[in-house]
Structure formats: structure tokens, C-alpha cells
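**Student:**
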Amino acid sequence: MTIQPTQEKPPLTNLTRETHEGLASVILLLAICDILPFLILMLIGLQILPLLAPLAFVPIIFSLNQSCKSFRKLQNLSPHEGMNLPKL
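Just so you know, we're using my numbering here: the sequence shown kicks off at 3 and counts up by one.
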């Protein structure tokens with residue numbers, strides 16, 4: 003078995019160095035363009051969501067109001083009125 007000497011890579015010429023730098027720039031640009039819309043939407047969402055938060059309380063308040071009305075109706079019933087229990 004013979005051991006092969008390691009081959010040294012020739013130094014990059016200016017053309018290949020520029021090609022590598024150009025390719026790296028294109029990949030970086032594509033990565034930025036791919037992520038940028040999500041970042042913009044996230045920033046817009048962070049600004050708008052606090053403004054929309056009070057709207058989330060409207061259904062909660064409405065449902066609480068309905069629950070209070072139902073509870074008042076239950077309080078007005080006599081103990082045996084809503085149940086099918088025999089009167090003693």
C-alpha cells in the first residue's frame with residue numbers, strides 16, 4: 003500500500019474569488035429577502051395588536067352580561083320551580 007501525497011489546492015484566482023464573493027452576496031441577499039417580509043409583518047403586528055386588544059374584551063363583556071341575566075332569572079325561581087323533584 004502506498005501513501006499518496008496530499009495535493010495542495012492552487013490559490014484562488016481573482017475570477018474564482020470574485021465568483022465566490024458574488025455567490026455569497028447573492029445567497030445573503032436571498033436570505034434577507036426571504037426573512038424581511040416576516041420581520042416587517044411581525045413589526046406591524048406588534049404595533050397593531052395592542053390597538054385591537056380592547057375588541058377582544060367585547061365578547062367577554064357580552065357573555066358576562068348574558069350570564070348575569072341568566073343568574074338573575076335563576077335567583078327569581080322558587081327552589082322547586084326548575085327541578086322535577088316531588089314536593090314534600
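The beta carbon of each residue, even a glycine, is placed where N, CA and C say it ideally should be.
1. Which value, in whole angstroms, describes the spacing of the CA atoms of Ile50 and Leu41?
2. With DSSP collapsed to three states, give me the class of Gln68.
3. For a test of the three-state rule: what should DSSP assign to Glu20, helix, strand or coil?
4. Fully enclosed by the segment 28-54, which alpha helix (DSSP H) runs are 4 residues long or longer?
**Tutor:** Based on what the coordinates show:
1. Rounded to the nearest whole angstrom, the CA to CA distance from Ile50 to Leu41 is 14 Å.
2. Gln68 carries a helical assignment under DSSP once its states are collapsed to helix, strand and coil.
3. Of the three classes helix, strand and coil, the one that applies to Glu20 here is helix, per DSSP.
4. Listed in chain order, nothing qualifies, since the segment 28-54 has no complete alpha helix (DSSP H) run of 4 or more residues.
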